[in-house]
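Quick note: the sequence shown, position 207, residue 207 per the UniProt record's numbering, numbers continuous. Single-structure report; data block below.
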Amino acid sequence: MCYGRITDATVVRDDRRVILLANPFGFGADGYIDLVIRNFQYWHQGAMDLTQTGIFVTTLEAEAQLEIDLAQGACALDAQNVIKLLTFDAVDANRKAGHDATGLNVHLPELVRDYAGGEYSLFFADCQPSAVVSFDVRASLYNVRANGRKDYLAVGEDMLPTMYMVMFVLFSVGAVLWAATVARSWAVAHRLHVLMGVLAAFKALTLLSQAGELHLVKTTGHTGNWNIAFYIFTFCRGILFFTVVVLIGTGWSYMKPLLNDREKKILMIVIPLQVCAEVAIIILDENTPASKSWFTWNDILHIVDIACCCAVLFPIIWSISHLRAAAATDGKAARNLLKLQLFRQFYVTVIVYMYFTRIVAYLLSSSLPYKYAWCSPAATELATLAFYVTTALAFRPAAENPYLSFADDELDLEELRERGEI
1 MCYGRITDAT VVRDDRRVIL LANPFGFGAD GYIDLVIRNF QYWHQGAMDL TQTGIFVTTL
61 EAEAQLEIDL AQGACALDAQ NVIKLLTFDA VDANRKAGHD ATGLNVHLPE LVRDYAGGEY
121 SLFFADCQPS AVVSFDVRAS LYNVRANGRK DYLAVGEDML PTMYMVMFVL FSVGAVLWAA
181 TVARSWAVAH RLHVLMGVLA AFKALTLLSQ AGELHLVKTT GHTGNWNIAF YIFTFCRGIL
241 FFTVVVLIGT GWSYMKPLLN DREKKILMIV IPLQVCAEVA IIILDENTPA SKSWFTWNDI
301 LHIVDIACCC AVLFPIIWSI SHLRAAAATD GKAARNLLKL QLFRQFYVTV IVYMYFTRIV
361 AYLLSSSLPY KYAWCSPAAT ELATLAFYVT TALAFRPAAE NPYLSFADDE LDLEELRERG
421 EI
């Protein structure tokens, strides 16, 4: 999800007719847009009418009509429900006068008739056929609160720092409780339980860094160094999360001490690929969509993310098949059936979690009014907390837990062959 901030966009020798410079931003009753344009250049055969090149904003509701107008050959700057901010004849005049930058401060209530706030997108438009342009633009979109303070988070996003801080406290409490549970049951705990505790700690640190980053964005428009901490903790949390899911799915440490080759391939290939895709999506969302390849990479990375999430389900499916076969052939049918039931429940839980955080959360963010933009990330974090708690309860270390034990005779044949014991 993209959050409001001061954004820098660079357009390099671009011939597109319309370019999205900044993601949709929810303005309140006192919304402002500050623009600074530098290094403007253009290439065009013959004279170029720069009054037909400029920057405008439009509401999300009006974008559908804008697409229709563009399809009919209209100039975006002349389309219906478009609010023109400036044209580049003024920028070119400043450049020729020796001024490096052209600045503009827009107070939306003074520019928009019957203004009552809303969600607006910032675009560049060039209506000159065969024209190529280059320029740098810094766009600051913000609201001014009653106390005169600038708020660079959009309406609907201003609740996010508080929400993430609350979730940090909840996950921190959960991590402490889990650590106490593992310490109290250390005699029957497994290595997997330690990894689960480390995962909970990194999840809490991820939420803390995200809350800090958004608080800084809210007050200054910049992330400072919080985004670096957020990337690091997100990467570590991602590696640990999918590793724990795969290890639980294979029964590592609590049902068997070793992984076979195909399970190792999931750990070595799929999980790093998924985590890199997740971090890349975050970095991409924090950058302007003005680049030609922005939307293409956004689609590719989301497809990779979903494909890798599906791939980590295979170890759970293999374990279910193995337990089903074992229940029918060996003398431990009752215990294997109990384990089979647990793995089926875990499989369903993982599927529901993946579906909710990848599909339902996206649908929520796309369909909810901008004033409730915080609800989608809040629902995602609550679903994550529910998943962590459900998994912890099912696989907690306890002497009476019939699932958390393994014996030498439960090693599958493939592992024994790998070890040369048969």
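Glycine is no exception: its CB is placed at the ideal position from the N, C-alpha and C atoms.
In the structure shown, PRO315 adopts helical secondary structure according to DSSP, grouped into three states. In the DSSP annotation of this structure, ARG13 is not part of any alpha helix (DSSP H); the continuous beta strand (DSSP E) holding it starts and ends at 6–14. Ranked by Cα distance from PHE171, the options PRO161, LEU207, PHE123, LEU153 are led by LEU207. Straight across, the Cα-Cα distance linking TYR42 with ASN143 is about 33 angstroms. For ILE266, same chain residues with a beta-carbon under 8 angstroms away, outside a window of 5 residues either side, are VAL246, ALA311, VAL312, PHE314, PRO315 in chain order. DSSP places ARG138 inside the beta strand (DSSP E), whose first and last residues are 132–144. At the C-beta level, LEU21 and GLY54 stay beyond 8 angstroms of one another. Residue environment analysis places ILE271 among the buried positions, since at least 16 neighbouring C-beta atoms fall within 10 angstroms of its C-beta.
8 angstroms or more divides the Cβ of THR223 from the Cβ of VAL279. Inclusion of ARG344 and ILE320 in the CB contact set at 8 angstroms is warranted, their separation being smaller than that value. For ILE269, there is no enclosing alpha helix (DSSP H), as DSSP marks it with neither H nor E. When Cβ pairs closer than 8 angstroms are counted between the two stretches, the region 68–87 is seen to touch the region 100–111, the count reaching three or more. DSSP places ASN94 inside the alpha helix (DSSP H), whose first and last residues are 88–96. DSSP places LEU35 within a strand segment (E or B) once states are collapsed to three.
Here the alpha carbon of ALA9 sits roughly 46 angstroms from the alpha carbon of HIS193. By the CB criterion at 8 angstroms, ALA229 and ALA201 fall outside the cutoff. Contact between the region 24–42 and the region 105–124 is established, with three or more Cβ pairs separated by less than 8 angstroms.
Excluding five sequence positions before and after ILE303, none of the CB atoms of its chain fall closer than 8 angstroms to its own CB.
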